Amino acid sequence: MGEDRQHIVVTGARANNLKGVSLRIPQSTLTVVTGVSGSGKSSVVFDTIAVESQRQLNEVFPAFIRNRLPRYERPEFELIENLTPAIIVDQKPVGGGSRSTVGTMTEVSPVLRVLFSRYGEPSAGPSNLYSFNDPQGMCPECDGLGSTLQLDLDKLLDREKSLNEGAIRHSNFAVGTNYWKRYAQISRYEKGRARASGLPPVFDPDKPLAKYSQEEMDLLLYGEGFQTIRPDDFNNVAINDYEGLVPRLTRRFLKPGLEALKGKERRATEEVVTEKTCPACGGARLAPAALESRIDGRNIADYSAMEIGDLVAELERVAERWSGPVVPAALASLRRIRSVGLGYLTLDRPTRTLSGGEGQRLKTVRHLGSALTGMTYIFDEPSVGLHPHDVDRLVRLLRDLRDKGNTVLIVEHNREVIAVADHVIDMGPGAGAQGGEVVFTGGVAELARSATVTGRHFRATPGLKPRTRTPTGSLPVRGARLHNLRGVDVDFPTGVLTVVTGVAGSGKSTLVSKVFTAEHPRAIVLDQSAVGINPRSTPATYTGIWDTVRKQFARAHGLDASLFSFNAKGGCPECRGRGTITTDLAFMDPVTTVCEVCGGTRYRADVLEHRLGGRNIAEVLDLTVEEARGFFDDTGIARRLEPLHEVGLGYLTLGRPLSMLSGGERQRVKLAARLHEHGTVYVFDEPTTGLHMADVGNLLVLLDRLVDADNTVIAIEHDLDVVKHADHVIDIGPGAGEHGGRVVFTGTPAEMAAGADTTTARHLRESLPEGGGAGSAG
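Quick note: UniProt numbering has the sequence shown finishing at residue 778, numbered continuously throughout.
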């Protein structure tokens, strides 16, 4: 029993695809949970251990407080013992809106505000007067946002069209809408008139805007001071004060800010506005008094605009003159940020622009300064987006957390992170229904000798591929200067696999995803953003098989096909066909629980009584892509599901919401839809995200297939297995931020390994098997 108290003990876990998993996780150690995609790693770590830790922690609070905390369902398990409070560091976007920056997130900005309130000349006063989020400190012109939104009339109006033809391009003013009627169907109101008929219209709805007189255009855009009358939707009349198009749009959509708009309204507004740097503060966000206050000639906005590495040097000089805790506190936080490879960030960088990997490391840095011990830190693939050079820094950070007396639990595929684990848990043996079991537990040396998929790939050291393809041509980029790029000239060869690499922040994504794709807009960009815009999308709806499936059920039972749609008649009335209930807590992350009425099936009980091939409609949604290919006789269904199988997503269930997929899975779903094209340029943004080492091999086969089918493939990637497999490498660097932005190498992987003196080249050489031969494996 004494030994058990030193372990987190899980018995009989059955969340998702887990098959009664039992395991023991040593405390105060660094444990890596690995396994092929879909094997059950996240089900063990996040859906079982993390959720139960949070659920039990909330139970210790009084009822008054519990009612204001998220409510977690008890995961499926028989017993969990020796849990400690869990801190989850995931890859969810940091968010925080337009007022959240790296400085506010890491709490460095508040320390700088105290510094300037004490030592700035002239002082603006208390520290809150240096805050762009405080009404007294923010710029009065832009309300502390640093930019202003202005209507772009050329984007808003199609002057060749009339009002009846849709001259106003904002969707809220589309033909037939209420806003449209306030311009296209109005007459001037005459006191006592009960009807609009017979009165001349204010605007001729069939007259193109280009033929409006200046007076008519001014009236449409800026008019005011009179009332209008028009027919309403009930054969009555509506009388309103007239408001010109510009003040109405400004009041309704611009004044609240884009952050306050949702979905369609936000997208429509973004299309008709131009964001400009605030002319009053120059983008600094602050009121004049704060900007006039300086230390050694720099104001607080200058400090926030400096790269963190440079700001550390600046504050070290300041610390030599002023004693006290303020400057050391700021330096301690900044040095931690620099230590995890983020010294190229600036404190004024909006958090919404951070990558998942950058956000995850910043979340981790916050915990490094904590005095808490005995916690369980849970990480979701912390190596995502990291160059091998930065992985070394990540490992030091994880060890620091462990050495403070915490348990560090990591879901990870990266070979270098696995190598430093104190304990490894390998899930498998396969994905989906073929996974959900613990296939190995033990040390790293034992893993390397094991026969599991992870063990075999962990001990294998891929070499350079024996032959590289010859390019058929090139796609040039000339004089690229976006962000930190320094006038880059580079040719992307066609007909081959090109990998673009470099340390985080070096300029890879700017060069490829921004500059290259802008100059070559026909390229197919496969990134990790959301798939589609419908939150109810699933693999079944995305592939287009769902209508066919519902019609088969309908024909078999003589019913309406809409009865078998969870978005229509057949949906559970309690959760409206979602299968879950989401509680938005406003000040905390929303909490999602399974609907108690339908049990997560999404359907009404009477709909589930109807079966096809022995399964009801909800059970069909629970089929994986692989299982569905064998279940349906319809060749059309099999043909549509085949691309998902080819890109390695056969383990996904037909009903899994696409919003729940990882970034790498979303990327492969998009690829499945564009898989069999020819003569195309494909651009991938870190396609190995979320992939096990075995799945990386499958990805490389797929990329080879694309190239061999007369396509050009360009991949932004850190994984050295992919770099070794490239035909051509473009390395950006030499460092990050202002120390990057240049092409430091172009050529084949063999040429890079043989003589290049770059960070990537050094790590490439170290990763080659002994002798470095092409095609070698350990």
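Ideal placement from N, C-alpha and C gives every residue a C-beta, glycine not left out.
The structure displayed is predicted, hence computed values, not measured ones.
Going by C-alpha distance, which of the options is nearest residue i?
| i | options | result |
| --- | --- | --- |
| SER131 | ARG248, LEU291, GLU642 | LEU291 |
| VAL696 | ILE229, ASP708, ARG668, ALA86 | ARG668 |
| CYS281 | GLY599, ARG402, LEU145, ARG335 | LEU145 |
| VAL503 | ALA124, ILE730, ALA421, ARG536 | ILE730 |
| VAL722 | ALA330, PHE745, HIS387 | HIS387 |
| LEU691 | SER662, VAL326, VAL549 | SER662 |
| ALA329 | THR177, THR228, THR106, ASN178 | THR106 |
| HIS7 | SER28, VAL202, GLY487 | SER28 |
| LEU654 | ASN299, GLU642, ARG666, VAL625 | VAL625 |
| LEU245 | LEU221, LYS276, PHE226, PRO256 | LEU221 |
| THR759 | LEU720, HIS725, ASP633, GLY577 | LEU720 |
| GLN150 | VAL273, THR441, GLY630 | VAL273 |
| ALA694 | ARG285, VAL60, PRO200, ARG456 | ARG456 |
To the nearest angstrom, how far is it from the Cα of residue i to the Cα of residue j?
| i | j | result |
| --- | --- | --- |
| GLY435 | VAL453 | 12 Å |
| GLU751 | SER474 | 19 Å |
| ALA586 | LEU57 | Because ALA586 sits at a pLDDT of 47, beneath the cut-off of 50, its placement in the model cannot be relied upon, and the following sentence gives the value as read from the coordinates. Cα-Cα distance, rounded: 21 Å. |
| PRO476 | LYS262 | 39 Å |
| ARG469 | ARG765 | 21 Å |
| GLY459 | ASP380 | Looking at the sequence shown, residue 459 is not Gly but Arg. So the two alpha carbons sit approximately 23 Å from each other. |
| LEU344 | ASP310 | Rather than Leu, the amino acid found at residue 344 in this sequence is Tyr. Their backbone Cα atoms lie some 9 Å apart in a straight line. |
| residue 779 | PHE516 | This structure cannot settle anything about residue 779, because the visible part of the chain is limited to 1 through 778. |
| LEU394 | VAL500 | 22 Å |
| GLY479 | SER506 | 17 Å |
| ASN17 | ILE378 | 20 Å |
| VAL647 | ILE524 | 16 Å |
| ILE87 | ASP47 | 14 Å |
| TYR603 | ILE25 | 39 Å |
| PRO135 | HIS739 | 37 Å |
| LEU83 | ALA50 | 9 Å |
| ALA672 | HIS728 | 25 Å |
| ARG71 | ARG55 | 7 Å |
| GLU665 | LEU699 | 12 Å |
| ARG396 | LEU368 | 11 Å |
| ASP90 | GLY558 | 47 Å |
| PHE173 | SER659 | 30 Å |
Any idea which residues DSSP pairs residue i with across the strands?
| i | result |
| --- | --- |
| ILE410 | VAL32, PHE379 |
| THR498 | ILE714, HIS728 |
| ASP241 | GLN227 |
| LEU477 | First, the amino acid is wrong: residue 477 is Val here, not Leu. Note: VAL477 sits in a beta bridge opposite VAL490. |
| ILE88 | ILE378 |
| ASP310 | BP columns for ASP310 are empty, so no partner. |
| ALA745 | According to the sequence displayed, residue 745 carries Phe and not Ala. Answer by DSSP bridge pairing, in chain order: ASP731. |
| GLU619 | Paired residue(s): none; GLU619 is not in a bridge. |
| GLU596 | According to DSSP, GLU596 bridges with nothing at all. |
Go ahead and label residue i buried or exposed: buried means 16 or more other beta carbons lie within 10 angstroms of its beta carbon, across all protein chains shown.
| i | result |
| --- | --- |
| LYS19 | exposed |
| LYS41 | buried |
| ALA736 | buried |
| GLY679 | exposed |
| LYS551 | exposed |
| TRP546 | buried |
| GLY775 | The predicted model places GLY775 with a pLDDT of 48, which falls under 50 and marks its position as unreliable; any figure quoted below should be read in that light. GLY775 is exposed by the Cβ-count criterion. |
| LEU482 | exposed |
| residue 784 | This structure leaves residue 784 out entirely; the chain is present only between 1 and 778. |
| ASP390 | buried |
| PHE253 | buried |
| LYS181 | buried |
| HIS676 | exposed |
| ALA753 | buried |
| ILE308 | buried |
| residue 783 | Missing from the structure shown is residue 783; the chain here goes from 1 to 778 and no further. |
| GLY97 | exposed |
| GLY341 | buried |
| ASP685 | buried |
| ARG230 | buried |
| ALA540 | buried |
message: For the segment 111–124 against the segment 283–297, do three or more pairs of beta-carbon atoms, one drawn from each stretch, fall closer than 8 Å, so that the two count as touching?
response: The answer is yes - the segment 283–297 touches the segment 111–124, with three or more Cβ pairs under 8 Å.
query: Any contact of the segment 140–158 with the segment 358–376, i.e. 3+ C-beta pairs under 8 Å?
result: These segments do not touch.
message: Below 8 Å, how does it come out for the segment 392–410 and the segment 26–38: are there three or more Cβ pairs, yes or no?
response: Segments in contact, yes.
task: Answer yes if the segment 705–721 comes into contact with the segment 490–498, meaning at least three C-beta pairs across the two stretches below 8 Å, and no otherwise.
output: Verdict: yes, contact present.
message: Count Cβ pairs between the segment 195–214 and the segment 157–177 that sit closer than 8 Å; are there 3 or more?
response: Proximity of the segment 195–214 to the segment 157–177 meets the contact definition, three or more beta-carbon pairs being nearer than 8 Å.
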